[in-house]
Every structure is written in C-alpha cells, then in structure tokens.
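First up is the structure itself, then whatever we jot down about it.
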Amino acid sequence: MSGKIMRGLRAAALSGTLVLGSGVAFAADPIKLGVLEDQSGDFAAATIGKVHAIQLAAEEINKAGGIDGRPLELVIYDTQSDNTRYQEFMRRVLQRDKVDAVFAGFSSASREAYRPIVNQFDGLAFYNNQYEGGVCDANMIVTGAVPEQQFSTLIPWMMEKYGKKVYTLAADYNFGQISAEWVRNIVKENGGEMVGEDFIPLGVSQFSQNIQNIQKAKPDFVVTLLVGTAQASYYEQAAAASVNLPMASSVNVGQGYEHKRFKPPSLKDMYVTTNYIEEIDTPASKAFFAKFKAKFPDEPYVNQEAENSYLAVYLYKQMVERAKSTKRDDLRKEIAKGDVCMDAPEGKVCLDPKSQHMSHTIYLAKVGADHSITFPKVWEDIKPYWLGEAGCDLTKSDPSAQYTPSNPPPKP
C-alpha cells in the first residue's frame, strides 16, 4: 500500500462535519498523524503490528471524542524496508500531507535516513522502537527501550548465571555496531572477557563460519543482535550444529517473535530484556492483548514495538490536550515539566525531559526448550539515564546528534 489514508473510523464528510463510523460527529478539523512503517520487505514481520497498534489507539481515541474534540486522521505509507522510501515519504507527509506528527521507522538506519528531513522541516517524529540509544534531538520522541535499560540489566545477570566469557553476533549497521559497543563496555566493567565479535550484513542468511567461530571460542553465552527475517536463520542453523549455548538479546523474541516462528528447541535458553511481549501476565497486558486480537484476530504476535506505538498515540494525545496545541515547541514545554506519564500495558511509563526518551518496566524473558516464556526477573521504572548523565539536555540546547559511549556529548 503506497499511500493509504485512513480518516478516523471510516469517516465521511457531511455538510462540513466529519462523521465517524463510531457514531461520533466532529465539527473540528482532524489532527493528522503520518505513519511510515515497513509493511513489506525484510522487517515487515516485526513492524506490521506497529501500524495496527496505531490504528487501534486512533480508533479508541476517536470513539471517545478525539483529541480536544478533533478526530485523528492517519496518513499511512508502506516504506518497504527501504531507507530511500523513508526519505521520500517523510518529505511527502511533511510537505504535501501537512501532518502534525509522524510515527516512523524500525531500523536505526531508516531513522537516521529520515531524521535530517524531520529537522529540515522542523517536524515532530516518534520513533517507537527499541534501539542502540544516543539520539539527542528535539524533533524526536523515542518510546522504545535503550541500552541502559536492556543491556545494563541483561548482561550482568547473564554473566552471574552463566559465566564471564561473551561472544557477540550482531547486525552490521549502526544498531548492531553501537549495541555491541555497549555490550563490550558492560562486560569489561563486570570483569568479563569478550572472546569474539562477528558483524553480519543485513540480508545474510548463512552462518556456518560464524557457528564455527563460536564453537572454537567457547563462550559461556552468545549475545545475538540479529535483525530481519534473513538473519533469523541463525537460530535453526545453530541448533542443527548443536551449539547449545545460552543466548542473550535486546531485540530477538521481543521484536521478531522467533520463538513462535521457529520450531523448538532452536531458541532454548534465549534470554531477552523487553518492555513488552504478549506473554506478560498482568491485568493491563492481558486487557491490551485482548483488545488487539479483537480488532486484528490474524495478528501473529503482539510485540514490544506494537505496545510502544500504541502508548505513543496516547502520549501524543495527552501532550496536545495539555498544551492546547499541536505545535512542536508547545508540546516540548509539556515534556519539560517532567510529568508526561501514563499507565501503559507494560506498567507506568514517563518521558524524560532531557532526552525525550521513555522510562520502562523491563522484563527478562526466558525461552524454554518448548519455546514457552517465563520471566525470571522484572526491573520496574528503569530510566533512560545515559544521555542526560552524559550531557544531553534538550531543555537547554538541541544538538540534533547521535552519541555513543565512545563519542559522548561535548562537555559544556
């Protein structure tokens, strides 16, 4: 679908009034949200749920009277897992469609492809995805989890349980490279040893040499930071080669639901830090899952990026209603107050004013031999602290930059 516009709920204009299928009539102009997500291509399995989650939230909001009496209108484009499409459609939604905000992007490469365009047109973009962290940009709001929430919990836990020799297998682009830097630093800080690192180009699906490397290095566990349907081939190949090592990840299971897509026991002893997956057994999670499946009964899995996208729409609603405005600067004044929070399916979340990133409840999910999920550990209210501590403060300045542990913000 190259350009589909969903007006609220099957909306029709009658005598200047926007009438929705829910029976709610709106006299005010709609608030337009651009939705740029990969509904086809290598990332589609993990991202179609993001679009559905945004549609679910918009439907609920419109049924309840909209945002300050204005309906939400979604302008949806399929970016086809192609960075050039992100650039093309980002220009289109900001220049031609005149959206008020954009919800965009799965891979970090896609985000970095469109982010300069958002800055150029002074737009507002929500990146509702787990990622490698470090973006300090007033035009961006990030609802996904970041390394200090996922790796600072996961890696020490794994080292204590399994041992201090670590091997990383990561996608070879900015997400995998920067995430591997975080892993490297945390392993060193905790007295461990990196016995190997392999970086795999996107689209690669053969891992025989990497498996040999891992078997030769004899790690205590493998950190897998693999992205896309092709790279997910690793798990069955490793199982067939009897690698039989515990795995740790910030992306697998929580995004691509590999434990559902592949036959047991290929993901046995995979440990993942995630802010949401559908197996979380709390009343809020079960209620969200039930609503999602009622609207999209064929959805194969409700992942963390779907939850991030759903809560992002409600956060946007809260900010607009508080600010009485859709202007970016007015919304940022609300964020700066430090109390933009909500009770999400995962638990309470809040936006950090300095970085415009989100606090999360982090669940340690373990995949069993039968691919069932258990939760050995839960960390509540983990703040996205690294950027603020490193020197990013969007309440004072906007560098529109991405930083890493080896390239932190410049000292004032």
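Numbers -27 to -1, 1 to 385, taken from mature numbering (1 follows the signal peptide of the UniProt record, and there is no 0), label the letters of the sequence shown in order. All residues carry an ideal CB built from backbone N, CA and C; glycine is no exception.
1) If I follow the unbroken beta strand (DSSP E) through F172, where does it start and stop?
2) Give the straight-line distance between the Cα atoms of D302 and G361, rounded to the nearest whole angstrom.
3) Which of the three DSSP states, helix, strand or coil, is assigned to A214?
4) Whole beta strand (DSSP E) runs in the segment 107 to 133 with 3 or more residues, listed along the chain?
5) Enumerate in chain order the residues of its own chain whose CB-to-CB distance from Q53 is below 8 Å, with the five nearest sequence positions on each side excluded.
6) Can you look up P256 in the DSSP assignment and give me helix, strand or coil?
7) Just to confirm my understanding: we take V340, look at its own chain, exclude 5 residues before and 5 after, and list those with CB closer than 6 Å. What are they?
8) According to DSSP, is N147 helix, strand or coil?
9) On the CB-based measure, 16 or more other CB atoms within 10 Å of its CB, does K23 come out buried or exposed?
10) I'd like to check one pair, I49 with T377: are the Cβ atoms closer than 8 Å?
11) Do residue 436 and Q60 have their CB atoms nearer than 8 Å?
12) In terms of DSSP beta bridges, what is T141 paired with?
13) Taking DSSP's pairing of strands, which residues face W155 in a bridge?
14) Three or more C-beta pairs under 8 Å: does that hold for the segment 105 to 113 against the segment 277 to 297?
15) Helix, strand or coil: which one does DSSP assign to N380?
16) Counting beta carbon pairs with one atom in the segment 325 to 338 and one in the segment 92 to 101, are three or more of them shorter than 8 Å?
17) Closer than 6 Å by C-beta to G(-12): which residues in its own chain qualify, once you throw out the five before and the five after it? Chain order, please.
18) Under a three-way DSSP split, which group does A31 fall into?
19) Report the rounded CA-to-CA distance for G117 versus L198, giving the unit in angstroms.
20) Alpha carbons only, please: which of A31, A221, N112 is nearest the one belonging to L6?
Let me lay it out:
1) Walking along the sequence shown from the start, residue 172 turns up at place 199. Taken as a continuous stretch (DSSP letters only), the beta strand (DSSP E) holding F172 covers 166 to 173.
2) Taking the sequence shown and counting its residues from 1, the one referred to as residue 302 is at position 329. Taking the sequence shown and counting its residues from 1, the one referred to as residue 361 is at position 388. So the alpha carbons of these two residues sit roughly 20 Å apart.
3) Numbered from 1 along the sequence shown, position 241 holds the residue referred to as residue 214. The answer is coil: DSSP assigns A214 none of H, G, I, E or B.
4) 113 to 115
5) Residue numbering aside, residue 53 sits at position 80 when the sequence shown is read from its first letter. Excluding positions up to five away in sequence, the list reads D11, Q12, S13, G14.
6) As a first step, residue 256 must be located in the sequence shown, where it is residue number 283. It is helical.
7) Taking the sequence shown and counting its residues from 1, the one referred to as residue 340 is at position 367. Excluding sequence neighbours, V340 sits near H232, L240, M243.
8) Looking up residue 147 in the sequence shown gives position 174. Three-state result, N147: helix.
9) Mapped onto the sequence shown, residue 23 falls at position 50. Buried, because 16 or more other Cβ atoms sit within 10 Å of the Cβ of K23.
10) Within the sequence shown, the letter at position 404 stands for residue 377. Within the sequence shown, the letter at position 76 stands for residue 49. No, they are not a contact pair.
11) The chain is shown only over -27 to 385; residue 436 falls outside these bounds and no answer can be derived.
12) For this step, residue 141 is matched to residue 168 along the sequence shown. In DSSP, T141 forms a bridge with E170, V196.
13) The sequence position of residue 155 within the sequence shown is 182, counting from 1. DSSP lists no partner for W155.
14) no
15) As a working note, residue 380 is residue 407 in the sequence shown. DSSP places N380 in strand when its eight states are reduced to three.
16) no
17) On the sequence shown, position 16 is the one that residue -12 refers to. With a pLDDT of only 29 at G(-12), under 50, the local geometry of the prediction cannot be trusted, and no value is derived from it.
18) Looking up residue 31 in the sequence shown gives position 58. Helix at A31.
19) Taking the first residue of the sequence shown as 1, we reach residue 117 at position 144. Taking the first residue of the sequence shown as 1, we reach residue 198 at position 225. Rounded to the nearest angstrom, the two C-alpha atoms are 16 Å apart.
20) Here the question's residue 6 lines up with position 33 in the sequence shown. Comparing Cα-Cα distances from L6 to each of A31, A221, N112, the minimum goes to A31.
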